[in-house]
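Chemist: Below is one structure. I have some questions about it.
Number of protein chains: 2
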Amino acid sequence: MARAIVDVMLKPEILDPQGQAIARALPRLGFSGVSAVRQGKRFEIELDGPADEAALADIRKMAETLLANPVIEDFTVRVEGETAE
Amino acid sequence: MARAIVDVMLKPEILDPQGQAIARALPRLGFSGVSAVRQGKRFEIELDGPADEAALADIRKMAETLLANPVIEDFTVRVEGETAE
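Dropping the structure here:
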């Protein structure tokens, strides 16, 4: 069993109103020293088997077609907590 | 300048209907081998200065009070792409 993490963020050239709202609220709430915030999504995907190349290829396809909108979002796939079996 | 990443996930004991909907849709879409999906949020926070202990303490407070709901969510803070200045 392994866990894959898919991080999905808006592409840098796409405006992120949620992140901007957070960044604007911070000084009002007493936090300084932050120049920008961007908000994205994180998916934890539990695999039945090991996170081998075939499984990761599947997850990349999944991210492209289901988890992210590749027109406006970038994603990264990585493996976490892999245990050899 | 440094970037801090805050990952916010629902606590394990809290049901995640979004993740469950994705996990249920996967076999229908031709993906097998996934036993569970959980969806959370990821925040990229650009700092004006270095990600020292004071800045990270601030970000932890920010995550607790603004980015996550600690009643139902867990968060982790980590530093990415730090450059010495």
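Line order of the protein sequences matches chains A and B.
Sequential numbering from 0 applies to the first sequence in our numbering.
Sequential numbering from 0 applies to the second sequence in our numbering.
Glycine included, C-beta positions come from ideal geometry on N, C-alpha and C.
Determine whether the Cβ of residue 30 of chain B lies closer than 8 Å to any Cβ atom of chain A.
Modeler: Locating residue 30 of chain B in the second sequence gives position 31, where the first residue counts as 1. Cβ-Cβ to chain A under 8 Å: yes for residue 30 of chain B.
Chemist: So that I know if they touch, is there some Cβ in chain B lying closer than 8 Å to that of residue 51 of chain A?
Modeler: As a working note, residue 51 of chain A is residue 52 in the first sequence. No, residue 51 of chain A does not count as interfacial toward chain B.
Chemist: Assign residue 8 of chain B to one of three DSSP states: helix, strand, or coil.
Modeler: Along the second sequence, read from residue 1 onward, the residue named residue 8 of chain B stands at position 9. Three-state result, residue 8 of chain B: strand.
Chemist: DSSP three-state call for residue 82 of chain A: helix, strand or coil?
Modeler: Position 83 of the first sequence, counted from the start, is the residue given in the question as residue 82 of chain A. The predicted model places residue 82 of chain A with a pLDDT of 45, which falls under 50 and marks its position as unreliable; any figure quoted below should be read in that light. Of the three classes helix, strand and coil, the one that applies to residue 82 of chain A here is coil, per DSSP.
Chemist: Between residue 82 of chain B and the rest of its own chain, which residues show a CB-CB distance below 8 Å, the 5 nearest in sequence each way excluded?
Modeler: Taking the second sequence and counting its residues from 1, the one referred to as residue 82 of chain B is at position 83. Caution applies to residue 82 of chain B, whose pLDDT of 45 falls short of 50 and renders its modelled position unreliable; the value that the coordinates give is listed next. Only 0 and 1 meet the Cβ criterion.
Chemist: What number of angstroms, rounded off, separates the C-alpha of residue 12 of chain B from the C-alpha of residue 38 of chain B?
Modeler: Translated into positions along the second sequence, residue 12 of chain B becomes position 13. Translated into positions along the second sequence, residue 38 of chain B becomes position 39. So the alpha carbons of these two residues sit roughly 14 Å apart.
Chemist: Which residue wins for smallest C-alpha separation from residue 36 of chain B, given the options B/3, B/14, B/66 and B/69?
Modeler: Position 37 of the second sequence, counting from 1, holds the residue named residue 36 of chain B. Minimum Cα distance to residue 36 of chain B is reached at B/14.
Chemist: By a C-beta neighbour count over all protein chains shown, 10 Å radius and 16 as the cutoff for buried, is residue 58 of chain B buried or exposed?
Modeler: For this step, residue 58 of chain B is matched to residue 59 along the second sequence. Label assigned to residue 58 of chain B: buried.
Chemist: Taking 8 Å as the CB-CB cut-off, is residue 79 of chain B touching chain A?
Modeler: Looking up residue 79 of chain B in the second sequence gives position 80. So, not an interface residue.
Chemist: Using 8 Å as the threshold, is the segment 37–54 of chain A in touch with the segment 18–36 of chain B, meaning 3 or more CB pairs across them?
Modeler: As far as the Cβ criterion goes, the segment 37–54 of chain A touches the segment 18–36 of chain B, which means the pair count is three or higher.
Chemist: Alpha helix (DSSP H) containing residue 18 of chain B: first to last residue?
Modeler: Locating residue 18 of chain B in the second sequence gives position 19, where the first residue counts as 1. First-last of the alpha helix (DSSP H) with residue 18 of chain B: 16–27.
Chemist: Would you kindly check if the distance between the Cβ of residue 41 of chain A and the Cβ of residue 73 of chain B is under 8 Å?
Modeler: As a position in the second sequence, residue 73 of chain B is number 74, starting the count at 1. As a position in the first sequence, residue 41 of chain A is number 42, starting the count at 1. Cβ atoms of residue 73 of chain B and residue 41 of chain A: not closer than 8 Å.
Chemist: How would you call residue 71 of chain A, buried or exposed, if buried means at least 16 neighbouring beta carbons within 10 angstroms?
Modeler: Here residue 71 of chain A is taken as the residue at index 72 of the first sequence, counted from 1. Flag for residue 71 of chain A reads exposed.
Chemist: Determine the direct distance from the alpha carbon of residue 3 of chain A to that of residue 79 of chain A, and round the result to whole angstroms.
Modeler: Residue numbering aside, residue 79 of chain A sits at position 80 when the first sequence is read from its first letter. Residue numbering aside, residue 3 of chain A sits at position 4 when the first sequence is read from its first letter. Their backbone Cα atoms lie some 6 Å apart in a straight line.
Chemist: Use the C-beta contact count for residue 43 of chain B: other C-beta atoms within 10 angstroms, 16 or more gives buried, fewer gives exposed.
Modeler: As a first step, residue 43 of chain B must be located in the second sequence, where it is residue number 44. When all chains shown are included, residue 43 of chain B counts as buried.
Chemist: Apart from the five residues just before and just after residue 10 of chain B, which ones in its own chain have a Cβ nearer than 8 Å to its Cβ?
Modeler: Along the second sequence, read from residue 1 onward, the residue named residue 10 of chain B stands at position 11. So the list reads 71, 72 and 73, once near-sequence residues are dropped.
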